[in-house]
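Numbering (the numbering used here), first residue to last: 5 to 383.
Put into structure tokens, the structure is as follows:
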């Protein structure tokens with residue numbers, strides 16, 4: 005049975021009523037009388053105590069714990085909040101005079117002031133250029149309480165400027181690949197879901213859920229699926245998504261295995277970060293492939309609602325995205341029924357009378373495919 009906490013007003017009234025009932029000559033308490041002041045003070049203290057008990061009641065269970073209490077509950081299952089991750093780019097082109105040196109830790113500025121640094125020394129060749137990797141410099145936590153990692157992501161052909169001029173090196177460099185992999189501190193609700201998953205699924209020495217939990221420990225990874233024998237006997241396929249990135253949630257990188265594996269195909273980018281994290285956790289006999297799902301666009305056509313408002317159209321798009329997010333599964337086991345989509349759209353005000361013309365059949369997907377919304381047409 006739920007406990008109804010009394011408001012401060014109710015506590016004050018209760019205290020005043022109690023005092024009046026205990027007096028030999030009951031009557032109204034004057035506003036500034038000693039007894040009324042004592043009654044109000046006692047009610048205020050009781051209100052504070054109830055508030056503290058409310059706070060403690062939230063913290064004594066992992067379902068509702070917050071802040072350091074949540075971190076403590078998660079630590080019991082060896083789950084820790086993901087720290088911010090610095091974005092990086094393996095290919096940044098510097099130009100200038102041949103044999104000019106770009107020292108390690110050289111700082112570069114993006115147009116908005118976000119800074120990066122060169123991760124190792126390089127020398128400009130006879131063609132007047134050198135390709136070098138850079139990594140973002142995370143801002144001070146006082147300037148970016150969320151960690152500032154996500155802000156370091158940037159598209160291909162981003163221009164970076166030397167913070168301090170270098171002899172023989174042009175002031176401007178350009179990225180030949182996206183700057184990716186940056187992530188902020190894990191938010192509380194995402195961390196809670198990952199912790200509860202650990203409580204619900206104790207380690208089994210390499211089960212499907214073990215791999216899902218391990219993959220979700222990597223900064224930026226928000227969803228993961230496991231496909232057994234993806235590339236043949238002895239292999240484990242791990243599909244990942246990074247829903248908070250700038251690539252519509254799909255990881256940026258190349259599918260493959262960990263850098264420590266003696267194998268011909270190694271992952272890169274987001275896939276490599278996950279593969280390297282899994283390498284020290286996985287079973288010793290497994291060859292783990294970390295892969296990005298393949299986006300399968302699904303086009304839609306609706307009749308009967310041609311003149312709906314733009315806001316309603318946006319709600320329809322969001323409803324479709326939510327169904328795809330909930331039902332999508334790159335293991336080849338996903339099946340999205342048209343009724344799921346119709347029910348989601350029918351709940352939106354202003355869509356009465358719509359007829360779904362396309363697609364016409366339930367949606368099925370091959371291994372590796374993940375549904376994404378394509379073009380929507382209103383007939």
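Heads up, the beta-carbon is just placed ideally off N, CA and C, and yes, glycines get one too.
If you run the structure through DSSP and keep just helix, strand and coil, what is residue i?
i	result
residue 273	helix
residue 158	strand
residue 362	strand
residue 59	helix
residue 311	coil
residue 81	coil
residue 89	strand
residue 296	coil
residue 291	strand
residue 148	coil
residue 209	coil
residue 198	helix
residue 286	coil
residue 14	helix
residue 8	coil
residue 352	coil
residue 192	helix
residue 64	coil
residue 316	helix
residue 253	coil
residue 134	strand
Where residue i and residue j are concerned, what is the direct C-alpha to C-alpha distance, given to the nearest angstrom?
i	j	result
residue 384	residue 148	The shown model of the chain, from 5 to 383, leaves out residue 384, and the question about it has no answer.
residue 135	residue 162	14 Å
residue 152	residue 197	23 Å
residue 261	residue 51	58 Å
residue 97	residue 155	21 Å
residue 362	residue 115	44 Å
residue 75	residue 68	12 Å
residue 303	residue 375	10 Å
residue 354	residue 332	27 Å
residue 138	residue 64	44 Å
residue 315	residue 322	11 Å
residue 379	residue 171	52 Å
residue 48	residue 87	40 Å
residue 160	residue 185	13 Å
residue 366	residue 343	8 Å
residue 219	residue 78	16 Å
residue 224	residue 150	13 Å
residue 180	residue 164	12 Å
residue 284	residue 254	24 Å
residue 356	residue 337	32 Å
residue 268	residue 259	12 Å
residue 275	residue 221	13 Å
residue 143	residue 173	26 Å
residue 100	residue 178	13 Å
Let me check one thing: in DSSP terms, what residues is residue i bridge-paired to?
i	result
residue 264	None, per the DSSP bridge assignment.
residue 173	100
residue 245	227
residue 120	112, 140
residue 184	92
residue 216	DSSP, once it has assigned bridges, lists no residue as partnering residue 216.
residue 304	380
residue 126	106
residue 26	In the DSSP output, where bridge partners are listed per residue, residue 26 has none listed.
residue 239	291
residue 52	Answer by DSSP bridge pairing: none, since residue 52 is not bridged.
residue 324	According to DSSP, which records beta bridges pairwise, residue 324 is partnered with nothing at all.
Give me the residue from the options with the minimum Cα distance to residue i.
i	options	result
residue 33	17, 48, 47	17
residue 360	307, 138, 317, 314	307
residue 311	257, 383, 216	383
residue 110	88, 76, 141	141
residue 89	157, 70, 244	157
residue 288	79, 270, 238	238
residue 22	348, 39, 10	39
residue 125	363, 100, 49, 107	107
residue 61	190, 46, 9, 94	9
residue 369	199, 246, 339	339
residue 123	324, 178, 93	93
residue 358	345, 367, 366, 335	345
residue 44	366, 219, 13	13
residue 305	269, 112, 364, 150	364
residue 318	266, 381, 373, 285	381
residue 201	190, 189, 214	214
residue 192	165, 351, 254, 83	83
residue 265	274, 256, 251, 281	281
residue 121	182, 325, 166	166
residue 187	246, 176, 227, 113	246
Any heavy atom of the ligand GTP closer than 7 Å to the beta-carbon of residue i?
i	result
residue 242	The ligand content of the structure shown is nil, which means the ligand GTP is not present either.
Does any CB atom of chain C fall closer than 8 Å to the CB of residue i?
i	result
residue 275	Absence of chain C from the displayed structure is noted, only one protein chain being present.
Quiz prompt | Cβ pair count under 8 Å reaching 3, the stretch 239-249 against the stretch 277-297 | solution = With three or more CB-CB distances shorter than 8 Å, the stretch 239-249 counts as touching the stretch 277-297.
Self-check item: Given 8 Å, three or more beta-carbon pairs between the stretch 199-208 and the stretch 228-237
Solution: no
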